[in-house]
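Participant: Before I ask anything, here is the structure I am working with.
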Amino acid sequence: MSDIESTQSAPGGRQRPMSELETVVVRFAGDSGDGMQLTGTEFTKSIALEGSDLATFPDYPAEIRAPAGTLAGVSAYQVHFSSQEVFTPGDQPDVLVVMNPAALRINLPDLPRGGIIIANVGSFTQPNIEKAGYTSNPLENGSLSSYQVFAIDITKQVALALEGMGLTAKEVGRCKNFYALGLMFWLYNHPMEREEKSIRAKFQKNPKLAEANITAFRAGYYYGETAELFPTRYVVPPAVIAPGTYRHITGNEATAIGFITAAQLASLPLFCGSYPITPASDILHTLAMYPHYDVITFQAEDEIAAVAATIGAAYAGALGVTTTSGPGMALKSEAIGLAVMTELPLVIVNVQRGGPSTGLPTKTEQADLFQAVFGRNGECPVVVIAPATPGDCFWMAIEAARIAVRHMCTVIYLSDGYLANGAEPWRLPEVASLQKIPVTFRTDPQGFYPYLREPMTLARPWVVPGTPGMEHRIGGLEKEDVIGNVSYEANNHEKMVRIRAEKIARIVHEIPEATVYGDPSGDLLIVGWGSTYGAITQAVKSLRRRGYRVSALHLRHLNPMPANVGQIMASFRQVLVAEMNLGQLLMMLRAQFLVDAVGFHKIQGRPFKISEIVTKAEELLGAREQAELCTHAEAV
Amino acid sequence: MTQCNPEQAPKLTRKDFISDQDVRWCPGCGDYAILAGIQRVMPELGIPREKIVFVSGIGCSSRFPYYMNTYGFHSIHGRAPAIATGIKLTRPDLMIWVITGDGDGLSIGGNHLIHTMRRNVDLKILLFNNRIYGLTKGQTSPTSKHGMKTKSTPFGALDRPFNPLSVAIGSAATFVARSIDIDSPHLQYVLRRAADHKGTAFVELYQNCNVFNDGTWESVTDKDVRSDRLLVLEHGKPLVFGKERKKGIRMRPDMSPEIVEIDGNTSGLLVHDERRHDEGYHFMLSRLASPEFPEPIGVLRAVREPTYDELMTEQGRTVSQQQGKGNLEKLLHAGETWVVS
Chain A
-1 MSDIESTQSA
9 PGGRQRPMSE
19 LETVVVRFAG
29 DSGDGMQLTG
39 TEFTKSIALE
49 GSDLATFPDY
59 PAEIRAPAGT
69 LAGVSAYQVH
79 FSSQEVFTPG
89 DQPDVLVVMN
99 PAALRINLPD
109 LPRGGIIIAN
119 VGSFTQPNIE
129 KAGYTSNPLE
139 NGSLSSYQVF
149 AIDITKQVAL
159 ALEGMGLTAK
169 EVGRCKNFYA
179 LGLMFWLYNH
189 PMEREEKSIR
199 AKFQKNPKLA
209 EANITAFRAG
219 YYYGETAELF
229 PTRYVVPPAV
239 IAPGTYRHIT
249 GNEATAIGFI
259 TAAQLASLPL
269 FCGSYPITPA
279 SDILHTLAMY
289 PHYDVITFQA
299 EDEIAAVAAT
309 IGAAYAGALG
319 VTTTSGPGMA
329 LKSEAIGLAV
339 MTELPLVIVN
349 VQRGGPSTGL
359 PTKTEQADLF
369 QAVFGRNGEC
379 PVVVIAPATP
389 GDCFWMAIEA
399 ARIAVRHMCT
409 VIYLSDGYLA
419 NGAEPWRLPE
429 VASLQKIPVT
439 FRTDPQGFYP
449 YLREPMTLAR
459 PWVVPGTPGM
469 EHRIGGLEKE
479 DVIGNVSYEA
489 NNHEKMVRIR
499 AEKIARIVHE
509 IPEATVYGDP
519 SGDLLIVGWG
529 STYGAITQAV
539 KSLRRRGYRV
549 SALHLRHLNP
559 MPANVGQIMA
569 SFRQVLVAEM
579 NLGQLLMMLR
589 AQFLVDAVGF
599 HKIQGRPFKI
609 SEIVTKAEEL
619 LGAREQAELC
629 THAEAV
Chain B
336 MTQCNPEQAP
346 KLTRKDFISD
356 QDVRWCPGCG
366 DYAILAGIQR
376 VMPELGIPRE
386 KIVFVSGIGC
396 SSRFPYYMNT
406 YGFHSIHGRA
416 PAIATGIKLT
426 RPDLMIWVIT
436 GDGDGLSIGG
446 NHLIHTMRRN
456 VDLKILLFNN
466 RIYGLTKGQT
476 SPTSKHGMKT
486 KSTPFGALDR
496 PFNPLSVAIG
506 SAATFVARSI
516 DIDSPHLQYV
526 LRRAADHKGT
536 AFVELYQNCN
546 VFNDGTWESV
556 TDKDVRSDRL
566 LVLEHGKPLV
576 FGKERKKGIR
586 MRPDMSPEIV
596 EIDGNTSGLL
606 VHDERRHDEG
616 YHFMLSRLAS
626 PEFPEPIGVL
636 RAVREPTYDE
646 LMTEQGRTVS
656 QQQGKGNLEK
666 LLHAGETWVV
676 S
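The listed protein sequences correspond, in order, to chains A and B.
According to my numbering, the residues represented by the first sequence are -1 to 634, in order.
According to my numbering, the residues represented by the second sequence are 336 to 676, in order.
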């Protein structure tokens, strides 16, 4: 816990002094069944209402319920909150709440020396200690001496608090997380009443359980107050946040809401064909809640049917969106080719996860960029875009839809597991400020041909079945230019290949120019795309604060790239491309711009830490400084 | 499906459904007869051309949409039922025909076919069964006979074949029928029945590939043998067949079918009931196969059940009634919000 700025002693014997903090990172960790995700989201809600800026990230195992107490079953939720602008969920926790030995074992490496551990000592039984792979109790063997350890028997405390409420042992056990939450509320000086209301709402159907959880929550809070365990309480002052109405939003929610909004702005029904896949399924779940918004969700029999039905829907005049992750993307590639050949508007959402194959289903990665840009048979150009933050998913969903229907093309929207499940406070846009998406279905048979093109965009007309006098046939075979009949003619094929490429290339004229964070020229430009935005921006911010001439370029449009990317890169002595793969954007930039950029790669299923990017940048800058020093030395 | 209203719709003829494209099937292909049959039946339905969409996958039969002067989508291998589902759910007012073959529908696209049928999406699916891969020039298909020698199985196919009707009935299709390319009146009857059915209508068409599998159906469809080898189904009529109509089918006490000689008296024979809800009897019919039994043609099964598109529309209406028509303001403000001033 850094940046202790002021300490004020609260009056009253048992009141603890109150320390003001600029920024705090708390991680809750426990067994999958311990309710850590709920604890985290409840705490996050309260933080938002207290006015802090924040970002969150859940880290849960691929197994739904791995055997209790094992390392495989550990689930965690991290929240970073601050009185300053927050860009990431935080490199490392200041406070680690662990509900069992396995959670300690897994998460301890991330905790800096001096960090706070709050451990449920009641779960540190011999079997649990062994299951976590410890040979002796880490709370007792002195191995944690460089941390501040608060060992509390939450299991026993909750059992005592809930005695006589007529609950089963299992039900009692499931209230432990609210005890931990109560303790955090006390530690960070959050009001209890709001949370009690929230618990009541959450357990509306089971008032007995609601009361039990509230009791556990209060017990945790009062334990903090009474036990004199913690020397201080903390308060994080409100951040300076742009005025407006906010909600807490994950990337997947923002994606779903963005597409509904886009469809409404285009006055089209929204069709989402999808097949369940982690970490994309929540988009389908969210969309399925909104049939009254002209949203059709279709859970198909497989990934191929999901995209095929979506293409059918686009053909019939809907805004067609299919959502998936890498393995599903692989299955969809033939159908994407069909969408490109038939030049129908189609949006494909790929919430990337660790690959190849099944890979790391619940972990994040950015290794599907090549797949998105190149991964089909034939010359098969598509637009590729990537949101930068959970809130940005809303805007990029609208952008994807706008490009697809205006240019009659396929747009691949690359999110990732980190954006999908990460959350941040999101300022709601004014509905009136949202731009309509103009869509015209051609209904005039006069002079109609299926592959006539709009001169500016090269888009072909969108004609939906049911329109009289315009019956025509389309398909995956090569089409005769303009006329649209099947054609195997050699020159026609080359012409059509070039037109399809040109159609995508021209979109560069309609996308915004890229903007640089920092100065427009300098010693080092750090280029990123997708969810690395937060870590790179914060890294650049702190490097600049220390006087380095470092800037950041974040790409939201990856194919085509904004027109000024080459020129921006040319204004820096060095270019570093940081991405969660082995250098895919790096290779594209080098190929397109002949720039001698270097890469920084992390493929661990986890996002970059700010410090990792800072260190890499220092290495690049430092290497240059050393070289300069040598020259000086030689000169002397 | 579009409401059939022949009196108001402009009178269309067979010619109206012929597109300007040259038909490119091999001369003598059974597909020609099927195309002609469909082009004859279409004007009778009283549905304007623009409300009709033909969707196909890949294979010889899948060229079909090019030859129909309606909306058409020649898609990718096996995926036509999925594409058609997307069209139907977006535009329930359109009448959608899926044209597929034994390879397209039962091999690469088998998954889509069974799931479309179980959902009962309102699509008319015609499966042209020639028991061979024609477009790729003669490999074994999922309906090829066991042991059949083809280019890919020079020493005989090891596969056991699928029976398309059994697959359809096993998937709880609400309409299952069979007809033959060369029997024009019967073909048109079955097509009309499929068109009139609300829900997934699955029709298997025996079709001859005169290049790679010529005569594959001869043993049952040849003029000389057909009355003994085919069982023409009619709802409410006993299962009688044979040149003299002196053979019938009844059930043994062990629930297996047997052929019996009859002499005018049909009592004790099975009486065809296409509307039975349980699939057992229809499945039994689908298993009747040459040489032991005559092969059934006609409508095996036709039951009315809510279609997926009807249920979807209904669900949307109910939610809209309960929650009100959605608007963006409500959408964005859903869940907990807070104001920063």
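Ideal Cβ positions, reconstructed from N, Cα and C, are used throughout, including at glycine.
Since the structure is predicted, the reported quantities are computational estimates derived from the model, not experimental observations.
Does the distance from the C-beta atom of Ala370(A) to that of Leu426(A) stay below 8 Å?
Facilitator: The answer is no: Cβ separation not under 8 Å.
Participant: Can you tell which of Glu223(A), Val563(A) and Thr42(A) has its C-alpha closest to the C-alpha of Thr513(A)?
Facilitator: Minimum Cα distance to Thr513(A) is reached at Val563(A).
Participant: What did DSSP end up calling Arg471(A) once you bin it into helix, strand or coil?
Facilitator: Strand.
Participant: At a Cβ threshold of 8 Å, is Lys174(A) touching chain B?
Facilitator: Not an interface residue.
Participant: How is Leu666(B) classed by DSSP in three states: helix, strand or coil?
Facilitator: Residue state, collapsed to three classes: helix.
Participant: Give the secondary structure of Val652(A) by DSSP, where H, G and I count as helix, E and B as strand, and everything else as coil.
Facilitator: As displayed, chain A neither begins before -1 nor continues past 634, which places residue 652(A) out of reach and without an answer.
Participant: What's the gap between the Cα of Arg547(A) and the Cα of Glu363(A)?
Facilitator: Taking the straight line joining both Cα atoms gives about 29 Å.
Participant: By the 9 Å beta-carbon criterion, what residues does the stretch 420 to 439 of chain B contribute toward chain A?
Facilitator: Here the close residues are Thr420, Gly421, Ile422, Lys423, Leu424, Thr425, Arg426, Asp428, Leu429 and Ile431.
Participant: How big is the Cα-Cα spacing for Met34(A) and Asn105(A)?
Facilitator: Answer to the nearest angstrom: the Cα atoms are 14 Å apart.
Participant: Since Ser141(A) is in the beta strand (DSSP E), which residue starts that stretch and which ends it?
Facilitator: From DSSP, Ser141(A) is part of no beta strand (DSSP E); its letter is neither H nor E.
Participant: Roughly how many whole angstroms lie between the Cα atoms of Ala402(A) and Tyr313(A)?
Facilitator: Going from the Cα of Ala402(A) to the Cα of Tyr313(A) covers about 13 Å.
Participant: Could you check which residue in Gln374(B), Met377(B), Val388(B) and Leu522(B) has the C-alpha nearest to that of Gly473(A)?
Facilitator: Checked all of Gln374(B), Met377(B), Val388(B) and Leu522(B); the closest Cα to Gly473(A) is Val388(B).
Participant: Using a threshold of 8 Å, state whether the C-beta atoms of Val525(A) and Leu556(A) are closer than that.
Facilitator: Result no, Cβ atoms of Val525(A) and Leu556(A) do not sit closer than 8 Å.
Participant: Buried or exposed for Ile62(A), please, with buried defined as at least 16 other CB atoms from any protein chain shown within 10 angstroms of its CB.
Facilitator: Classification for Ile62(A): exposed.
Participant: Here's a check: name, in chain order, each residue in its chain whose Cβ is nearer than 7 Å to the Cβ of Ser621(B), leaving out the five neighbours to either side.
Facilitator: Cβ neighbours of Ser621(B) beyond the five flanking positions: Asn498, Leu500, Ser501, Ile504 and Leu635.
Participant: Considering just the uninterrupted stretch of the beta strand (DSSP E) at Asn348(A), what are its terminal residues?
Facilitator: Looking at the DSSP string, the run of the beta strand (DSSP E) that includes Asn348(A) is Leu344 to Gln350.
Participant: With a Cβ-Cβ cutoff of 8 Å, do Phe183(A) and Asn419(A) count as a contact?
Facilitator: The answer is no: Cβ separation not under 8 Å.
Participant: Helix or strand or just coil, what does DSSP make of Met339(A)?
Facilitator: Looking at Met339(A) - three-state DSSP - the assignment turns out to be helix.
Participant: Go through its chain and collect everything with a Cβ distance to His447(B)'s Cβ below 7 Å, but skip five positions before and after it.
Facilitator: Hits under 7 Å: Gly413, Arg414, Pro416 and Ala417.
Participant: Is the Cβ of Lys346(B) closer than 8 Å to any Cβ of chain A?
Facilitator: False, the Cβ-Cβ gap to chain A never drops below 8 Å.
Participant: Opposite Leu565(B) in the DSSP bridges: which residues?
Facilitator: Note: Leu565(B) sits in a beta bridge opposite Glu630(B).
Participant: Check whether the Cβ of Arg192(A) lies closer than 8 Å to any Cβ atom in chain B.
Facilitator: It does not: the Cβ of Arg192(A) has no partner Cβ on chain B nearer than 8 Å.
Participant: Restricting to Cα atoms, I'd like to know which of Val525(B), His612(B), Thr485(B) and Glu593(B) is closest to Tyr541(B).
Facilitator: The shortest C-alpha separation from Tyr541(B) is found at Val525(B).
Participant: What does Gln262(A) reach in chain B if we use C-beta pairs closer than 7 Å?
Facilitator: By Cβ distance, chain B contributes Leu663.
Participant: I need the DSSP call for His532(B), collapsed to helix, strand or coil.
Facilitator: It is coil, neither helix nor strand.
Participant: Using a Cβ-Cβ cut-off of 8 Å (strictly less than) and excluding sequence neighbours within five positions of Asn126(A), which residues of its own chain qualify?
Facilitator: Here the set comprises Gly67, Asn98, Pro99 and Ala100.
Participant: Mind listing the chain B neighbours of Tyr313(A)? Cutoff is C-beta to C-beta under 7 Å, in chain order.
Facilitator: The answer, in chain order, is Phe408 and Ile422.
Participant: Which residue from Pro466(A), Lys493(A) and Glu193(A) puts its Cα closest to that of Asn211(A)?
Facilitator: Ranking Pro466(A), Lys493(A) and Glu193(A) by Cα distance to Asn211(A) puts Glu193(A) first.
Participant: Here's a check: name, in chain order, each residue in its chain whose Cβ is nearer than 8 Å to the Cβ of Pro560(A), leaving out the five neighbours to either side.
Facilitator: So the qualifying residues of the chain are Val506, Ile509, Pro510, Glu511, Ala512 and Leu553.
Participant: Under three-state DSSP, which class holds Gln202(A)?
Facilitator: Correct three-state label for Gln202(A): coil.
Participant: Rounded to whole angstroms, what is the Cα-Cα separation between Gly373(A) and Ala159(A)?
Facilitator: For Gly373(A) and Ala159(A), the distance between alpha carbons rounds to 58 Å.
Participant: Answer yes or no: do Gly516(A) and Leu429(B) have a C-beta to C-beta separation smaller than 8 Å?
Facilitator: Their beta carbons are not under 8 Å apart, which means Gly516(A) does not touch Leu429(B) by this criterion.
Participant: Identify the continuous alpha helix (DSSP H) that holds Asn250(A) and give its terminal residues.
Facilitator: Taken as a continuous stretch (DSSP letters only), the alpha helix (DSSP H) holding Asn250(A) covers Gly249 to Leu263.
Participant: Anything in chain B within Cβ reach of Glu469(A), meaning under 7 Å, just list it in chain order.
Facilitator: Residues of chain B passing the Cβ test: Arg384, Glu385, Asn404, Thr405 and Tyr406.
Participant: Leaving out the 5 sequence neighbours to the left and right, which residues in its chain are closer than 8 Å to Lys472(B) when beta-carbon positions are compared?
Facilitator: Within the same chain, Lys472(B) has close Cβ partners Lys486 and Phe547.
Participant: Using beta carbons (cut-off 8 Å, strictly below), is Leu522(A) in contact with chain B?
Facilitator: So no, Leu522(A) is outside the interface.
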